[in-house]
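Peer 1:
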Amino acid sequence: MFFKRKNTAGLGIDIGSQTIKAVEFENSGRGRQIKLAVRSATPAGTLVDGVIADASRLAAAIADLVERYGWQGRAAITAIGGRRVVTRHLRMPVMPEKELPAAVKWEAERHLPHANQEMVMDYQCLGEVQAEGNKQLLVLVATVPVEIARAYYDLFSAAHLKLVAIDLVPLALMRWATSQLGNIAFNAKSFAMAEIGAEVTYLAAVESGRLAFARTIPAGGAQAAKFLSAALKQSFPESRLWQDDLQRMKNSLPQSFLPLDEAAAALGETSLDFLLQNNLADLTRELRRSLDYYRAQAPNSPINSVLLTGGMALLPGLQPFLARELDRQVEIGVIHGQETDAVTLDPGFCLATGLALREVAD
């Protein structure tokens, strides 16, 4: 379900608790190009911690996008978020590929809660690592309850789409970040990505193009966005209903948020920092702890840079605030198209872009 690859679906749909983001690719003479990037509001209460709570209303919202953009019957890829998706990195002895499935299943049942119950389990071998002078295989294992996975397939079917794969958030983000659509000037060998959503944040460490660490943090930016909106007397952009095609989004990122940035500047740096500190304390603490833990586990691969993705990455003042709190370089993740297209999409589309770039088995 999670990892097999062969052909490119070209349509990635990221369903968040506040917004649905979709990115569609097309093949051209210059290779794969972003054809469409759209964002729509998620009906309130239809998705809670990655679990579909109201399938009919959520399916209707997705079906509206499908009808509007002619996606009927298209193959699509999505990701399941929330705390019900459990991931672990397992270190195992080097062995032939054909022996891995049975070995991973045995190890997963030892290390993952309920792995031998009604769960869908999959894995990906991330390559060899050195551990105490010996080579070992680093394997990423993921499990999700069967009923949750089945609900997503039913949801996409009701919306007239064919769900061909369910991806993991960290893998999709890494796929975007290491592609030509990632931050062009961001060439660090080791870096972290923080996908900041409304209620949940996904942290991933990438080393030499390989996912080396991943963690789900049960804290997001919704509360900070709420208080910022009240203080600035303006709604936060992620909460707006956006339906944009590429022509309207070309070079729009710097201009799109100027009114909010100007209002934040008028609020003053001290007041802005105080507001962020009060409302993001849990998130910053867990980010710091996770990065410190990874540094202890991989002392030869220090993480000095962090890419912020997700809709909440655009909170005014968040980038310099986290740079100080984490004592690391922090950048906003954006999606760059081909230079001739001059397309720049905001960080809310990073996950959907990574999903659309994924290759899946027939």
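Numbering (the working numbering) for the sequence shown: 681 to 1042. Beta carbons are placed, not taken as given, at the ideal position from N, Cα and C, and that holds for glycine.
What number of angstroms, rounded off, separates the C-alpha of Phe-954 from the C-alpha of Leu-960?
Peer 2: Going by the C-alpha atoms only, they are around 10 angstroms apart.
Peer 1: Can you tell me whether DSSP reads Ile-760 as helix, strand or coil?
Peer 2: Reduced to three states, the DSSP call for Ile-760 is coil.
Peer 1: What residue range does the alpha helix (DSSP H) around Leu-891 cover?
Peer 2: Element bounds for Leu-891: not the alpha helix (DSSP H) but the beta strand (DSSP E), 890 to 897.
Peer 1: Restricting to Cα atoms, I'd like to know which of Ala-839, Ala-831, Ile-732, Val-774 is closest to Asp-744.
Peer 2: Of Ala-839, Ala-831, Ile-732, Val-774, the residue nearest in Cα terms is Ala-839.
Peer 1: What's the C-alpha gap between Phe-871 and Leu-716?
Peer 2: Spanning the two alpha carbons is a distance of roughly 28 angstroms.
Peer 1: Go to Ser-640, then tell me how far its alpha helix (DSSP H) extends in each direction, as first and last residue.
Peer 2: The shown model of the chain, from 681 to 1042, leaves out residue 640, and the question about it has no answer.
Peer 1: Thinking just about the alpha-carbon of each residue, which of Gly-762, Asp-729, Arg-895, Cys-805 is nearest to the one in Glu-777?
Peer 2: Per the Cα distances, Cys-805.
Peer 1: Please work out which residues of its chain come closer than 8 angstroms, Cβ to Cβ, to Gly-1046, disregarding the five sequence neighbours upstream and downstream, and give them in chain order.
Peer 2: This structure cannot speak to residue 1046, because the chain is shown only from 681 to 1042.
Peer 1: Suppose the cutoff is 7 angstroms on Cβ atoms and the five residues either side in sequence are ignored; what does the same chain contact list for Leu-818 look like?
Peer 2: Cβ within range, chain order: His-769, Arg-771, Leu-806, Gly-807, Val-809.
Peer 1: Label Ser-888 either buried or exposed according to how many other C-beta atoms from any shown protein chain fall within 10 Å of its C-beta, with 16 as the threshold for buried.
Peer 2: Classification of Ser-888: exposed, given that the 10 Å Cβ count is below 16.
Peer 1: Is Gly-762 near Val-731, with beta carbons less than 8 angstroms apart?
Peer 2: Yes, Cβ-Cβ distance for Gly-762 and Val-731 is below 8 angstroms.
Peer 1: Please check the pair Leu-691 and Arg-790, which I expect to be a contact at CB under 8 angstroms, by giving their CB distance rounded to whole angstroms.
Peer 2: Not really, about 37 angstroms apart at Cβ, beyond 8 angstroms.
Peer 1: Note down, in chain order, each residue of its chain lying with its Cβ closer than 8 angstroms to the Cβ of Leu-738, except the 5 sequence neighbours on either side.
Peer 2: Around Leu-738: Ile-695, Thr-722, Pro-723, Thr-726, Leu-727, Ile-732, Leu-835.
Peer 1: Roughly how many whole angstroms lie between the Cα atoms of Leu-908 and Ala-702?
Peer 2: Spanning the two alpha carbons is a distance of roughly 27 angstroms.
Peer 1: With a threshold of 16 other CB atoms inside 10 Å of the CB of Arg-928, please say whether the residue is buried or exposed.
Peer 2: The predicted model places Arg-928 with a pLDDT of 42, which falls under 50 and marks its position as unreliable; any figure quoted below should be read in that light. Classification of Arg-928: exposed, given that the 10 Å Cβ count is below 16.
Peer 1: Please give me, in chain order, every unbroken run of the beta strand (DSSP E) with length at least 3 that falls completely inside the segment 782 to 868.
Peer 2: Counting only runs of 3 or more, we get 799 to 811, 814 to 825, 842 to 847.
Peer 1: Report all residues from its chain with a CB closer than 7 angstroms to the CB of Ile-849; omit the five preceding and five following residues, and keep chain order.
Peer 2: The residue you asked about is not Ile; residue 849 is Val in the sequence shown. Hits under 7 angstroms: Ala-759, Gly-761, Glu-875, Tyr-882, Leu-1031.
Peer 1: What is the C-beta distance between Ala-741 and Ile-700, in whole angstroms, given that I count them as a contact (C-beta under 8 angstroms)?
Peer 2: Right, the Cβ-Cβ distance comes to about 6 angstroms (below 8 angstroms), so this counts as a contact.
Peer 1: Quick one: what does DSSP say Thr-722 is sitting in, helix, strand or coil?
Peer 2: Here Thr-722 sits in coil by DSSP.
Peer 1: Assign Glu-1019 to one of three DSSP states: helix, strand, or coil.
Peer 2: Confidence at Glu-1019 is low in this model, with a pLDDT of 37, below 50, so the placement of that residue should be treated as unreliable; the coordinate-derived value is given next. Three-state result, Glu-1019: coil.
Peer 1: Would you report the Cα separation of Arg-1004 and Val-1010, rounded to the nearest angstrom?
Peer 2: Arg-1004 and Val-1010: Cα-Cα distance of roughly 9 angstroms.
Peer 1: Just mark Thr-950 as buried or exposed, buried being the case when its beta carbon has 16 or more other beta carbons within 10 Å.
Peer 2: Label assigned to Thr-950: exposed.
Peer 1: Among residues of its own chain, excluding the 5 on either side of Ile-1015, which ones have a beta-carbon nearer than 6 angstroms to its beta-carbon?
Peer 2: If we look at Ile-1015 and ignore the five residues flanking it on each side, its Cβ neighbours are Leu-861, Leu-1025, Phe-1029, Thr-1033.
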